[in-house]
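To keep things clear, I will list the structure first and then write my remarks on it.
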Amino acid sequence: MIKRIYEFLASLSLGLWLMGGVMALLAAGSFGGEDAASLNEMPLFAWLGTAPFSASWWLWGTLFLLVLMAVNTLLCSVEAIRKRYGKSGFVALLAPQLMHAGFLLIVLAHLLSAKGGEKQAMQLFEGSNLRFPGGSFVMVDAIEVETDPRGMPLDYRARMRVVEQGRSTPVTVRPNDPLFHDGVGIYLKQAAPFPYPTAYVEIHREPGAGWALAGALLFTAGNVMLLAVRRERRTA
17 MIKRIYEFLA SLSLGLWLMG GVMALLAAGS FGGEDAASLN EMPLFAWLGT APFSASWWLW
77 GTLFLLVLMA VNTLLCSVEA IRKRYGKSGF VALLAPQLMH AGFLLIVLAH LLSAKGGEKQ
137 AMQLFEGSNL RFPGGSFVMV DAIEVETDPR GMPLDYRARM RVVEQGRSTP VTVRPNDPLF
197 HDGVGIYLKQ AAPFPYPTAY VEIHREPGAG WALAGALLFT AGNVMLLAVR RERRTA
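So the sequence shown is numbered by our numbering: it starts at 17 and just counts up by one.
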């Protein structure tokens, strides 16, 4: 019985079914209405703790399937190493495991951000500042909005200074060029010149960002190595 459960959890077909199930649940969640739309305003686990089950059922189901996918991925790696060790080249054996490790790190990253992430929207004005626990702060020096002759906004930016340990570093924050400081991202969403220069920003804290980057790099490296192995086999 235990052997059958292990073989089921380690099977490739289970992984494919789980992937399809996750996609179906995410597709169903995209029609969740206003209750589901509030998910974008707060960390995942905070939202799950307040949302009614009628609005969050698809996310609970997705989390359950992702846990099974993580177990399936880990067991698939164990089985692949056990069966292929010594029978295939090192690169051919390592490449899929790097992809599996990358996927697991990405899942871990999202769980960390879902638990410890923060998101806050606020208005900043010239002369205002954001203070951080370590004593550093970000000062807003100028908020600039470029307009066309009709007064329509063309571009906007916020000129800031990061002050830390007596050092002042000037930075310019734009809509597609956020500021990252002390594990926090400052994103400029909009700016208005009247009645006085105002910047509308979102403050994000993503504890899993580093793990997500590491997972993406491992997954990419595994893909490149696997493509190289297959190309070698075709030309051999």
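Glycine residues also receive a C-beta, built at the ideal position from the N, C-alpha and C atoms.
- With a contact defined as Cβ atoms closer than 8 angstroms, residue 203 and residue 222 miss out at about 11 angstroms.
- Residue 120 sits buried, since 16 or more C-beta atoms from the chains shown fall within 10 Å of its C-beta.
- Under the DSSP assignment, residue 223 falls outside any beta strand (DSSP E); it carries neither an H nor an E label.
- Using a C-beta cut-off of 8 angstroms, the region 221-238 makes contact with the region 132-139, since at least three inter-stretch Cβ pairs fall below that distance.
- For the 8 angstroms CB-CB criterion, residue 161 and residue 208 form a contact.
- Between residue 232 and residue 106, the alpha-carbon positions lie close to 21 angstroms from each other.
- Between residue 114 and residue 237, the gap from beta carbon to beta carbon is short of 8 angstroms.
- Residue environment for residue 76: exposed (fewer than 16 other C-beta atoms within 10 angstroms of its C-beta).
- Taken in chain order, the unbroken stretches of beta strand (DSSP E) that lie wholly in the region 150-186 and span 3 residues or more are 153-163, 169-180.
- The shortest C-alpha to C-alpha distance from residue 178 to any of 147, 192, 159, 250 is the one to 147.
- The shortest CA-to-CA distance from residue 206 to any of 174, 183, 166, 101 is the one to 174.
- Residue state for residue 145 is assigned as strand, using DSSP reduced to three classes.
- The continuous beta strand (DSSP E) containing residue 207 extends over residues 200-208.
- Annotation: residue 184 to residue 225 spans about 26 angstroms, alpha carbon to alpha carbon.
- Looking at the DSSP output, residue 139 bridges to 216.
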